[in-house]
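Under my numbering, the first residue of the sequence shown carries the number 645, and numbering increases by one thereafter.
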Amino acid sequence: MKKGIILVAMLAAMSVVAYAQPRAIGANLGYDAGFSYQHGFGESNMLDVNAYIPLVDWGVGGSVTYDWIDPFGATVPWNHRGEWHWYMGVGAGGGIYGFNKPSWFVGAVGHFGIEYDFWFPLQLSLDWRPNVGVWRNSADDAYGFNLKGLYHGISLGVRYKF
645 MKKGIILVAM
655 LAAMSVVAYA
665 QPRAIGANLG
675 YDAGFSYQHG
685 FGESNMLDVN
695 AYIPLVDWGV
705 GGSVTYDWID
715 PFGATVPWNH
725 RGEWHWYMGV
735 GAGGGIYGFN
745 KPSWFVGAVG
755 HFGIEYDFWF
765 PLQLSLDWRP
775 NVGVWRNSAD
785 DAYGFNLKGL
795 YHGISLGVRY
805 KF
């Protein structure tokens, strides 16, 4: 009984802490069109989760990065009504492309960006998510370095903050 009460208290405390953190949900548009979710951990860290589909080929991909907001204590000095922030992070990503003989890729993901948080719950961002890793082309059974991942991750983001 005592363990049950402690477990319920811990779960309640964790849910309150998770709910109290800033979050944002929205879309990214660039080479890919994607869904974006950000979950803040205090004022200086966030988890960024993205799922996307390419606009020029059939496929699906995703990435998860842990980001530092305004790292090294460097902030953007101009804050009129909203706030400017920049961030950088690392994580992992992967995806599948093609229809008949799908190709796949997997690798490490970097995340670099700048965002403007309006005084109302809207956030605009410019992101770059280079994906460095390996790919496999099923059509000719070849492996290689994912060079496309260096430029496919450039996107504009629009998110609702809550």
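All C-beta atoms, glycine included, are put in the ideal place defined by N, C-alpha and C.
From a predicted model like this one, the values you see are computed outputs, not experimental measurements.
Nearest to residue i (by Cα), restricted to the options the options
i           : options               : result
residue 696 : 685, 672 and 689      : 672
residue 667 : 774, 736 and 761      : 761
residue 737 : 725, 768 and 692      : 692
residue 807 : 777, 724, 748 and 735 : Outside the displayed range of the chain (645 to 806) lies residue 807, so it cannot be described from this structure.
Proximity below 7 Å, CB of residue i to CB of residue j
i           : j           : result
residue 803 : residue 678 : no
Where residue i falls, given that 16 or more other Cβ within 10 Å makes a residue buried
i           : result
residue 744 : exposed
residue 700 : exposed
residue 658 : Summary for residue 658: the model assigns pLDDT 49, below 50, so the residue's position carries little reliability; its value from the coordinates is reported in the next sentence. Per the 10 Å Cβ criterion, exposed.
residue 664 : Annotation note: pLDDT 45 at residue 664 (below 50); position unreliable, coordinate value reported separately. Counting Cβ neighbours within 10 Å, residue 664 comes out exposed, since fewer than 16 surround it.
residue 755 : buried
residue 716 : exposed
Rounded separation between residue i and residue j - CA only
i           : j           : result
residue 741 : residue 764 : 38 Å
residue 682 : residue 719 : 20 Å
Residue i: CB within 6 Å of a non-hydrogen atom of the ligand SAH
i           : result
residue 763 : Of ligands this structure carries none, so the ligand SAH is not represented either.
Span of the beta strand (DSSP E), counted from its first residue to its last, around residue i
i           : result
residue 805 : 798 to 805
residue 688 : Careful: residue 688 lies outside any beta strand (DSSP E) and carries neither H nor E.
residue 729 : 727 to 741
residue 791 : Neither: residue 791 is in no beta strand (DSSP E) and is coded neither H nor E.
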